[in-house]
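Asker:
Protein chains in written order, with the numbering used here: chain A, 1 to 511; chain B, 512 to 955.
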C-alpha cells in the first residue's frame with residue numbers, strides 16, 4: 001500500500017528558494033570589499049550571486065503562493081541552512097586558494113560560518129593566500145547565521161504572517177518564542193534592531209580604540225570583520241592568531257561583548273527600551289552571569305598558580321592581570337560558543353583545560369546567538385532535580401518548577417530532559433565515531449581532540465582543546481568522512497537537534 | 512433611606528433583616544418561592560424579577576433609592592446590576608463578588624463597572640481567618656481607626672492567670688478596656704467588679720500592643736510558636752487564606768486532594784507547601800507531622816467535611832482549629848463540639864455591607880458571637896450626647912449595655928476612663944449589646 005505524503009514539500013522548497021534569493025543579496029558585501037581593495041575575486045562573488053539567485057528563482061517555480069504550516073517550517077529551516085551552506089561554499093571553491101578550495105572543505109567552512117561554529121579547515125589564515133573579500137565573506141556568513149536567516153527573512157516576508165511564527169519557533173534556539181509584539185514580523189524586526197545596534201556600537205568602539213592609538217591592528221577592516229563574528233558568537237577571525245593579534249585593551253573590550261552575545265536578545269531589547277531591570281530579574285541571565293563569574297574566578301586562580309609561560313606573553317602564572325584577562329576571555333568565549341582565542345589555550349594545564357571543557361557544555365542563553373545545551377535547560381534541570389530531592393522527603397508535595405516566578409509546564413520539563421539526554425548521546429556517539437574514523441586512516445589523535453571535535457562542532461563552539469582541534473590548529477587534518485559528520489553535527493547543533501531529526505522520521509512524512 | 516437589595520440568599524436576607532427596622536427595604540429575587548417567603552418573614556417589599564434588567568430595578572423604585580446592594584450568587588450579575596442601577600439612579604452601589612480578580616480591577620479604578628463599593632466574599636473570609644490567627648487563643652479580631660485600635664475576643668481557660676480575678680484586678684494594661692464577657696448564652700457588660708471565669712469569652716478593646724500583650728499573658732504557652740499553619744482544602748477561601756498568610760510572611764501548608772486543583776494553586780502560591788493528599792489519611796498526617804501544627808484551618812467544600820477535619824486535627828493534638836461553614840445555623844454547634852472558631856463567609860459579607868448602611872458617621876462595624884453584640888466605630892459630632900461631657904456623666908444618658916472601648920483624637924489613642932471628656936471630631940470605638948443597638952446609634 002502506498003502511503004500518502006502529507007508534507008507540502010513544494011511549498012517548503014519554494015520558500016527556501018525565496019530565502020536563497022535574499023541570501024544572494026548579501027554577496028554585495030564581499031563585492032564591495034573586492035572593489036575597495038582592488039581584489040581579483042570580484043568575478044567569484046558575482047558568479048556566486050547569480051548562481052544562488054538563479055537556483056532560488058528556480059525553486060520558487062515549484063509553488064507560486066507557498067503557505068507553510070508547522071510541518072513545512074521544519075523542512076524550510078533545515079533546508080535553508082543546508083542550502084545556504086552549499087551556496088555559501090561557492091566562493092571558496094571558485095576562488096581556488098588554499099585548502100578550502102576542495103568542495104568538502106569549502107562546505108565545512110561555509111557550514112561552520114552559517115552555524116556560527118567557527119571551526120576552520122583553512123590551513124593558512126592570511127591575506128597572502130586569501131583575498132580580503134573572501135575573508136570578509138567568511139566573517140559575514142557568521143553574522144548572517146547569527147540571528148538566523150529565517151528571522152531576517154521573516155521580517156521582510158511579512159506576508160507569511162502566521163506561518164512566520166511557526167518558522168520562528170522552529171528556528172529560534174531554545175524552548176519557546178517570546179512574541180514581543182502581535183505581529184511576528186514586528187518581533188523579528190525588533191530583535192534585529194537589537195542585534196544590529198549592538199553590532200554597530202561594538203564596531204564603533206573597536207575602531208575608536210584604533211583611532212585613539214590603543215589598538216594598532218584594529219583597522220576598519222578588522223573592526224568590521226570582528227563585529228561580524230562577535231555578536232553572532234561565531235569566532236572566525238581573519239587573523240591567524242585570532243584575538244591574540246590585538247592589544248590587551250581590545251581583548252578586555254571584546255569580553256563584555258562576547259558575554260552580551262550569549263544573553264537573550266529579548267532582554268537586550270528591554271534594556272534598549274529603557275527597562276534594564278528586567279535583565280537583572282531574569283533567572284536565566286542570573287545563572288549565566290553567575291556561572292561565567294564563578295568559572296572566570298576559578299580559572300584565574302588556576303592560571304595564576306600555574307607556571308604557564310608563552311613566548312609571546314612571557315610569564316602568565318603569578319601575573320594577575322594576564323591570568324584574569326586570559327581566564328575571563330576564554331571562559332566568556334567558550335561558555336556561549338563564540339570560540340575566539342586570545343592565546344593558544346592548548347598550552348594550559350590539565351585543570352585549566354578541564355574548566356574550559358566544563359564551560360563548553362553550558363552554552364548561551366535561549367534567544368541568544370549562542371549554541372550548546374543552553375543555560376535555561378541547565379537551570380530547569382537543576383531546579384527539577386532539587387524538587388526530586390524535596391519530594392522524596394515529602395511524597396505528597398506538589399511543587400511546580402518556576403522560571404522567573406512562573407510555573408513551568410511539566411511537558412516542557414520533560415522536553416528539556418529529552419533534549420539534554422539526546423544531546424549527550426549524540427555527543428558520545430560523535431566521540432566514538434571520530435575516534436574510529438581517525439583509527440581507520442591511522443591519524444594519531446589525543447583523547448581531548450576527539451572529545452572536543454564532538455562538542456565543539458555539535459555545540460557550534462569552534463576551537464577545541466587539543467593540538468589538532470585547538471585554537472591554533474585546524475580541522476583540516478581530519479579525514480573527509482569525519483568532516484562530513486562534523487558538517488552534520490554543526491547543522492543539527494545549530495538547529496537544536498529536533499528540526500533536523502524529525503525530517504529523518506517516517507512519521508513526519510506520512511502521518 | 513431607601514435600600515434595594517438584589518438577591519435574597521442568606522446574605523441578602525441577613526442584610527434585609529438588619530435594615531428593615533430603620534429603612535425602607537426592597538428585595539428583588541428571581542425565585543418566586545423565596546419572594547413569597549421574604550414577603551411574609553420580613554418587613555420589606557419583595558419583588559420577583561431579574562435584577563439585571565432595568566425594568567425590574569425601575570419597578571423597585573431604584574431612582575429614589577439611596578443604596579443598591581447586589582448580592583446574588585453570581586459575580587457577573589452583581590456587577591451588571593450595579594451598572595444598570597447607575598444608568599437610572601444616583602444610588603450608592605455595593606456589589607458582592609467571589610473572584611478576587613474582579614476586586615483587583617475595581618480597586619485599580621475606583622468606580623469601575625458602576626460599583627461604588629465591592630465586597631469580595633472569599634477574600635473577606637480569608638482575611639478574617641488570618642486576622643484571627645494573628646493572635647493566639649483569639650476567637651475574633653478586628654481593627655479600627657485605621658489599625659490604631661484593635662478589638663479581640665479571647666477564651667479564658669482554667670490555667671489562665673486571669674481566671675477567677677475581677678476585671679479590676681486583671682486590668683494592668685495601659686491602653687486596654689474590658690468591654691464585655693460572654694458566658695455561655697449570657698452577655699455581661701464588663702464593670703470593674705465582673706469576675707472572669709474559666710470558659711468565659713472576654714472582649715477587649717485597646718491598642719494593638721496591649722491586646723497582643725494581654726493575649727500572651729492569658730495563654731503564655733502559645734506565645735512564641737503560633738506560626739505552623741495548615742490549611743485543608745484549596746477552595747477559593749483556602750487558597751486566598753494561604754495567600755494572605757504568605758503576604759504576612761508565613762509559609763503555610765495547604766492540603767488538597769484534587770490533582771489538578773493542587774497543581775493550579777501550587778503554581779500560584781510560591782511560599783506555600785502544597786500537598787496532594789486526603790486530609791483524613793492518618794498515616795499521611797503523621798508523616799507530615801500535622802499534629803505539631805499550631806493551627807489547622809478546614810476550608811473544604813461542605814460543612815460536614817470541615818467538621819470531620821477539625822475534629823480529627825483536634826484529636827491529633829493540634830493547638831487550634833478554624834472551620835469555614837456555609838450553614839450559619841451550624842456555627843454554634845461546631846464551636847460546642849470542639850472547633851475553636853467557625854467562620855461563615857456570608858456572615859462576614861453581610862457584616863461588611865451593613866457597615867455601609869449605618870448612619871453616616873458610623874465607620875466600621877464588627878459583629879460578635881453571631882450578632883449578639885457589636886463593636887462600632889464612629890466620629891463624634893457636636894450633637895452627640897457624648898460630646899463635651901465626662902464619660903461617667905454621658906453614660907447615664909445612654910442605655911445599659913454600652914462600653915466605650917477606645918478614643919482616637921487626631922491619630923492619638925486615648926484610653927477612656929470615667930473622667931475623660933469626649934470632644935467633637937474624636938473617633939470612638941464602642942462595644943454595644945445588640946439589643947440596645949438602635950437606641951445607642953440614635954443617641955450618639
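Note that CB positions come from ideal geometry on N, CA and C, so glycine has one too.
Does the Cβ of residue 620/B have 16 or more other Cβ atoms within 10 Å, making it buried, or fewer, making it exposed?
Answerer: The sequence position of residue 620/B within the second chain is 109, counting from 1. When all chains shown are included, residue 620/B counts as exposed.
Asker: If you draw a straight line from the alpha carbon of residue 339/A to that of residue 397/A, how long is it in whole angstroms?
Answerer: Counting from 1 along the first chain, the entry for residue 339/A is found at position 339. Counting from 1 along the first chain, the entry for residue 397/A is found at position 397. Distance between the alpha carbons of residue 339/A and residue 397/A: 44 Å.
Asker: How would you label residue 370/A, buried or exposed, when you count the other beta carbons within 10 angstroms and need 16 or more for buried?
Answerer: Here the question's residue 370/A lines up with position 370 in the first chain. Buried, because 16 or more other Cβ atoms sit within 10 Å of the Cβ of residue 370/A.
Asker: From this set, 891/B, 781/B, 744/B, which residue's C-alpha is nearest residue 757/B's C-alpha?
Answerer: As a first step, residue 757/B must be located in the second chain, where it is residue number 246. Nearest option by C-alpha distance: 781/B.
Asker: By Cβ distance, which residues of its chain are closer than 7 Å to residue 682/B, with the 5 residues on each side in sequence left out?
Answerer: Mapped onto the second chain, residue 682/B falls at position 171. 689, listed in sequence order.
Asker: Helix, strand or coil: which one does DSSP assign to residue 582/B?
Answerer: Counting from 1 along the second chain, the entry for residue 582/B is found at position 71. Coil.
Asker: Mind pulling the alpha helix (DSSP H) runs of 4 or more residues that sit fully within the stretch 748-804 of chain B?
Answerer: For the stretch 748-804 of chain B, whole alpha helix (DSSP H) runs of length 4 or above, ordered along the chain, are 770-779, 793-798.
Asker: What does the alpha-carbon distance come out to for the pair residue 341/A and residue 194/A?
Answerer: For this step, residue 341/A is matched to residue 341 along the first chain. For this step, residue 194/A is matched to residue 194 along the first chain. Approximately 26 Å, taken between the alpha carbons.
Asker: Between the stretch 766-780 of chain B and chain A, which residues of the former have a C-beta closer than 7 Å to a C-beta of the latter?
Answerer: From the stretch 766-780 of chain B, only 773, 774, 777, 778 have a Cβ closer than 7 Å to chain A.
Asker: Could one say the Cβ of residue 820/B lies closer than 8 Å to chain A's Cβ atoms, at least one of them?
Answerer: Mapped onto the second chain, residue 820/B falls at position 309. No - not a single Cβ of chain A is within 8 Å of the one on residue 820/B.
Asker: What residues of chain A sit near residue 746/B, judged by a beta carbon separation below 8 Å?
Answerer: As a position in the second chain, residue 746/B is number 235, starting the count at 1. Simply none; closest approach about 16 Å.
Asker: How long is the line joining the alpha carbons of residue 833/B and residue 949/B, rounded to whole angstroms?
Answerer: Position 322 of the second chain, counting from 1, holds the residue named residue 833/B. Position 438 of the second chain, counting from 1, holds the residue named residue 949/B. Whole-angstrom Cα-Cα distance: 32 Å.
Asker: Whose C-alpha, out of 462/A, 211/A, 6/A, 474/A, is nearest the C-alpha of residue 445/A?
Answerer: Along the first chain, read from residue 1 onward, the residue named residue 445/A stands at position 445. Nearest C-alpha to residue 445/A: 474/A.
Asker: Between which two residues does the beta strand (DSSP E) holding residue 559/B run?
Answerer: If you number the second chain from 1, residue 559/B lands on position 48. Looking at the DSSP string, the run of the beta strand (DSSP E) that includes residue 559/B is 556-559.
Asker: Going by alpha carbons, who is nearest to residue 420/A out of 497/A, 292/A, 479/A, 358/A?
Answerer: The residue labelled residue 420/A in the question sits at position 420 within the first chain. The residue with the shortest Cα to Cα distance from residue 420/A is 497/A.
Asker: Could you check whether the Cβ of residue 399/A sits closer than 8 Å to any Cβ belonging to chain B?
Answerer: Start at 1 with the first residue of the first chain, and residue 399/A comes out as number 399. At least one chain B Cβ lies under 8 Å of residue 399/A.
Asker: Given residue 270/A, which residues of its chain have a CB within under 7 Å of its CB, disregarding the five upstream and five downstream residues?
Answerer: As a working mapping, residue 270/A is identified with position 270 in the first chain. Correct list, in chain order: 278, 279.
Asker: What are the boundary residues of the beta strand (DSSP E) that residue 942/B is part of?
Answerer: Taking the first residue of the second chain as 1, we reach residue 942/B at position 431. First-last of the beta strand (DSSP E) with residue 942/B: 938-944.
Asker: Quick one, which of 319/A, 35/A, 18/A, 6/A has its alpha-carbon nearest residue 54/A's?
Answerer: By 1-based counting over the first chain, the position of residue 54/A is 54. It is 18/A.
Asker: In the DSSP assignment, what are the bridge partners of residue 489/B?
Answerer: What is shown of chain B runs 512 to 955, which leaves residue 489/B out entirely.
Asker: So which of 263/A, 452/A, 329/A has the shortest CA-CA distance to residue 254/A?
Answerer: Indexing the first chain from 1 puts residue 254/A at position 254. Ranking 263/A, 452/A, 329/A by Cα distance to residue 254/A puts 329/A first.
Asker: Please report whether the beta-carbon of residue 512/B lies at a distance below 8 Å from any beta-carbon of chain A.
Answerer: Your numbering for residue 512/B matches position 1 in the second chain. No, no contact with chain A.
Asker: Just the chain B side, please: which residues come within less than 9 Å of residue 394/A by C-beta, in chain order?
Answerer: Translated into the one-based positions of the first chain, residue 394/A becomes position 394. Ordered by position in chain B, the residues that pass the 9 Å Cβ test against residue 394/A are 784, 786, 798, 799.
Asker: Rounding to the nearest angstrom, what Cα-Cα distance links residue 735/B and residue 661/B in this structure?
Answerer: Along the second chain, read from residue 1 onward, the residue named residue 735/B stands at position 224. Along the second chain, read from residue 1 onward, the residue named residue 661/B stands at position 150. Model confidence at residue 735/B stands at a pLDDT of 45, short of 50, so the residue's coordinates are unreliable; what they give is reported in the following sentence. Near 20 Å, if we compare the C-alpha coordinates of residue 661/B and residue 735/B.
Asker: Closer than 9 Å by beta-carbon distance: list the chain B residues that pair up with residue 188/A, in chain order.
Answerer: On the first chain, residue 188/A is found 188 positions in, with the first residue counted as 1. Correct list: empty, because the minimum Cβ distance to chain B is about 31 Å.
Asker: Could you check what DSSP says for residue 62/A in three-state terms: helix, strand or coil?
Answerer: Against the first chain, residue 62/A aligns to sequence position 62. Note: residue 62/A maps to coil in three-state DSSP.
Asker: Are residue 633/B and residue 748/B touching if we call contact CB-CB under 8 Å?
Answerer: To locate residue 633/B, count along the second chain from 1; it is residue 122. To locate residue 748/B, count along the second chain from 1; it is residue 237. Cβ atoms of residue 633/B and residue 748/B: closer than 8 Å.
Asker: Kindly indicate which residue of 353/A, 109/A, 300/A, 312/A has the alpha-carbon position closest to the one of residue 324/A.
Answerer: Reading the first chain from its first residue, position 324 is the one you call residue 324/A. Ranking 353/A, 109/A, 300/A, 312/A by Cα distance to residue 324/A puts 300/A first.
Asker: Can you give me the C-alpha to C-alpha distance between residue 934/B and residue 906/B, rounded to a whole angstrom?
Answerer: Taking the first residue of the second chain as position 1, residue 934/B is located at position 423. Taking the first residue of the second chain as position 1, residue 906/B is located at position 395. Rounded to whole angstroms, residue 934/B to residue 906/B spans 15 Å at the Cα level.
Asker: Could you give the DSSP three-state label for residue 377/A: helix, strand or coil?
Answerer: Position 377 of the first chain, counting from 1, holds the residue named residue 377/A. Residue state, collapsed to three classes: helix.
Asker: Would you give the residue range spanned by the alpha helix (DSSP H) that residue 414/A belongs to?
Answerer: By one-based count along the first chain, residue 414/A stands at place 414. Per DSSP, residue 414/A belongs to the alpha helix (DSSP H) from 410-441.
Asker: When you compare only the Cα positions, how much space is there between residue 556/B and residue 857/B?
Answerer: Counting from 1 along the second chain, the entry for residue 556/B is found at position 45. Counting from 1 along the second chain, the entry for residue 857/B is found at position 346. Roughly 22 Å separates the two Cα atoms.
Asker: Taking residue 453/A as the query, report the chain B residues whose CB atoms sit under 8 Å from its CB, ordered along the chain.
Answerer: Taking the first residue of the first chain as position 1, residue 453/A is located at position 453. Those do not exist, as residue 453/A stays about 43 Å from chain B at its closest Cβ, beyond 8 Å.
Asker: Counting only runs of 4+ residues fully inside the stretch 252-332 of chain A, write out the alpha helix (DSSP H) ranges in chain order.
Answerer: Complete alpha helix (DSSP H) runs here, min 4: 265-272, 277-281, 283-305.
Asker: Just confirm the distance between the C-beta atoms of residue 637/B and residue 751/B, as a whole number of angstroms; I'd bet it's less than 8 Å.
Answerer: Taking the first residue of the second chain as position 1, residue 637/B is located at position 126. Taking the first residue of the second chain as position 1, residue 751/B is located at position 240. Rounded, the Cβ-Cβ distance is 4 Å, consistent with contact.
Asker: Under a Cβ-count criterion, where at least 16 other Cβ atoms within 10 Å of its own Cβ denotes burial, should residue 293/A be classed as buried or exposed?
Answerer: Start at 1 with the first residue of the first chain, and residue 293/A comes out as number 293. Exposed, because fewer than 16 other Cβ atoms sit within 10 Å of the Cβ of residue 293/A.
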